[in-house]
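Residue numbers are given in the working numbering: position 36 of the sequence shown equals residue 152, and the series is strictly consecutive.
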Amino acid sequence: MLDEVRHRIIQVRFRADAWRSRLLKPGTREYDRRADQELEHYRAKFSAAGRLFEPAPPVWDEMQRRAAVLIRRATGYDLPGYVASRLRARKQPRMISLGSGAGGVELAIARQARHAEIVCLDLNRELLEMARRAAQQEGLNIEVRQADLNLVELPEKAFDLVFCHASLHHVLELEHVVEQIRRTLRPGGELVIVEIVTRNGYRMWPETRRVAQAIFRTLPERYRVNHTAYPEPRVDQRLWESDTRATGMECLRSEEIVPLLDGAFEPVHSVPHFSLCRRFFDTMYGPNYDLARPLDRAIADWIWELDRHYLESGRLRGETLFGVWRLPE
């Protein structure tokens, strides 16, 4: 009886979350305000970094490298290599990247599949211009287009592969985007994503929160310095968490991405990762770690191994997913 009550409560909360997200609509003043805020945020971040990839602390780059090994085990390739291999299998392949940003990953793909036509689509004109210039310098076949994913209309049966790299968790109108992907894929075409798949609002699942908070309490103070949530770095007593849907566009409907894709396409590959690592090593707490220091590396290795144990045992869910779906023929 108690489990049934809990299940009903969860369902009510899920529907309430979806209802709140849908109050934010394209064309409203609040939507435009948040979109402008996000454009400025990423414009400043990439300008400061001076490169085509979002800046991250070295420990996060190391975790991404380890995640790439998991993808290689499942597919035989790293992320750019897998996408390029699917493009090379076609005679005149066309790919569109939805929410490409500055196009760092897309350029890596284009280098391995030079005969492919690649379209980078994003709302941020400044980031698209960075991608265009870089592609032009290397002579890569990349075209850039500006569009809002919540409103985009894609041409019918135009692409062999749709690529989404950390973009769908910013999307409000997910059903619309999924339908547009179905519309634009050619028969047998594939959708490839790397996405944040946390609870809506970048919140932790309850079972993840229990484990992560217990680990955080054991860490010395210097590993608990929060570099992003406050005007100045500050030591946290608890692992920081808030609902990002309240003010921004992050993880508006992140927990709904996979169920929607599973309902629209045939799954091919699924590589979940970062059941814990995202909470400790990204830009918030990641700058606290110097992998040249033995204790820092030991803690990073320990959390990585715990992450793998909890995922493989099914006790926790991955907060990031590499996934491939195919359009049914």
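Cβ atoms here follow ideal geometry from the backbone N, Cα and C, with glycine treated the same way.
Because the structure is a prediction, the values reported are computed rather than measured.
If the five residues before and after L267 are omitted, its C-beta is found closer than 7 Å to the C-beta atoms of P142, all from its own chain and listed in chain order.
Non-local beta-carbon contacts of G197 in its own chain, meaning distances under 7 Å to residues more than five positions away in sequence, involve Q228 in chain order. About 5 Å separates the beta carbon of R206 from that of D276, a gap short enough to meet the 8 Å contact definition.
Look at H425 here: in three-state DSSP terms it is helix. Comparing C-alpha distances from A345 to each of E337, E357, A151 and Y339 shows the shortest one belongs to E357. The shortest CA-to-CA distance from L140 to any of R315, T363, L335 and R409 is the one to T363. The segment 200-219 makes no contact with the segment 413-420: fewer than 3 CB pairs, one atom from each, lie closer than 8 Å. Note on geometry: alpha-carbon atoms of L307 and S283 lie some 13 Å from one another. Checking the DSSP bridge columns, you'll see F396 has no partner listed. Per DSSP, R433 is not a residue of any beta strand (DSSP E), being assigned neither H nor E.
Nearest to G439 by alpha-carbon distance, out of V384, L432 and F390, is V384. Beta-bridge partners of S213 (DSSP): C236 and F279. G305 and T436 have their C-alpha atoms roughly 23 Å apart. Rounded to whole angstroms, the separation of the alpha carbons of V260 and F390 is 31 Å. Per DSSP, the continuous beta strand (DSSP E) segment holding E382 begins and ends at E382 to H389. If you ignore the 5 residues before and after D406, its C-beta comes within less than 6 Å of the C-beta of D412, all in its own chain and listed in chain order.
When only Cα atoms are considered, H231 and E254 end up about 14 Å apart. As the crow flies, the alpha-carbon of P349 is around 17 Å from that of L335. When the Cα atoms are used, P171 and G434 turn out to be separated by approximately 22 Å. Under the DSSP assignment, R261 falls in the beta strand (DSSP E) whose first and last residues are I258 to Q262. Comparing alpha-carbon positions, the option among F381, T399, G402 and V387 lying closest to E445 turns out to be F381.
Take Y318, set aside five residues on each side of it, and the residues of its chain with a beta-carbon closer than 6 Å to its own are T360, E366 and C367, in chain order. Per the C-alpha coordinates, the member of R167, I297 and V199 positioned closest to L244 is R167. If the five residues before and after C280 are omitted, its C-beta is found closer than 8 Å to the C-beta atoms of S213, L214, G215, L307, V308, I309, V310 and E311, all from its own chain and listed in chain order. Straight across, the Cα-Cα distance linking E233 with P347 is about 43 Å.
Between C393 and W418, the C-beta gap is not smaller than 8 Å, which leaves the two residues out of contact. In terms of Cβ geometry, L290 and L355 do not form a close pair [threshold 8 Å]. Straight-line spacing of the CA atoms in L301 and F396 works out to 37 Å. Judged by DSSP in its simplified three-state form, R319 adopts strand.
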